[in-house]
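**Student:**
Numbering (my numbering), first residue to last: 103 to 225.
1) Just to confirm the assignment, what range does the alpha helix (DSSP H) spanning residue 209 have?
2) Quick check on this structure: which residue in 218, 159, 132 has the alpha carbon closest to the alpha carbon of residue 178?
3) Starting from residue 124, trace the alpha helix (DSSP H) both ways and give me its first and last residue.
4) Let me know the secondary structure DSSP gives residue 177 once reduced to three states.
5) According to DSSP, simplified to helix, strand and coil, what is residue 143?
6) Counting Cβ pairs closer than 8 Å, one from the stretch 214-221 and one from the stretch 179-187, do we hit at least three?
7) Rounded to whole angstroms, what is the Cα-Cα separation between residue 172 and residue 201?
8) Would residue 170 pass as an interface residue toward chain D - the criterion being a Cβ-Cβ separation below 8 Å?
9) Look at the alpha carbon of residue 105 and the alpha carbon of residue 155, and state the distance between them as a whole number of angstroms.
10) Got a sec? Which residues, its chain only, sit under 8 Å from residue 197 by beta carbon, not counting five neighbours each side?
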């Protein structure tokens, strides 16, 4: 990419830095994976554990099973977030059993979002 940019006509430059510089920085900082995971919710878990967790929170313990890794990071959550986690997961498991789409009114959606973002505390 960098070579192609250097060979391109200088009139093609519409940004302060070449696109390759932005791409390299995004790759080196991990922002590429963070952005991808945020846009592709179906892939978030795999991307998080493969590319992001150790980059941002340090090396994980080798002897921990892959499906138990989240437990080694639970201490990073606030006490309120940890307290809210079990009821939240239980509700999601129950919802998964029903396998139906839920239609919320705008007010109900705002209320549910507040509940999740407040780590279980009433806002």
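The beta-carbon is built from N, C-alpha and C at its ideal position, and this holds for glycine as well.
**Tutor:** With the given structure in hand:
1) Here residue 209 refers to the residue found at position 107 when the chain shown is read from its first residue. Where residue 209 is concerned, the enclosing alpha helix (DSSP H) stretches over 208-219.
2) Your numbering for residue 178 matches position 76 in the chain shown. Comparing Cα-Cα distances from residue 178 to each of 218, 159, 132, the minimum goes to 159.
3) Along the chain shown, read from residue 1 onward, the residue named residue 124 stands at position 22. Run containing residue 124: 121-131, per the alpha helix (DSSP H) assignment.
4) What you label residue 177 is simply residue 75 of the chain shown in a count that begins at 1. Reduced to three states, the DSSP call for residue 177 is helix.
5) In the chain shown, residue 143 corresponds to position 41, counting from 1. Note: residue 143 maps to helix in three-state DSSP.
6) Cβ pair count under 8 Å is three or more, so yes.
7) Taking the chain shown and counting its residues from 1, the one referred to as residue 172 is at position 70. Taking the chain shown and counting its residues from 1, the one referred to as residue 201 is at position 99. Their Cα atoms are separated by approximately 25 Å.
8) Among the chains in the structure shown there is no chain D, since it carries only a single protein chain.
9) Locating residue 105 in the chain shown gives position 3, where the first residue counts as 1. Locating residue 155 in the chain shown gives position 53, where the first residue counts as 1. Answer to the nearest angstrom: the Cα atoms are 33 Å apart.
10) Sequence index remark: in the chain shown, residue 197 carries index 95 (1-based). So the qualifying residues of the chain are 204.
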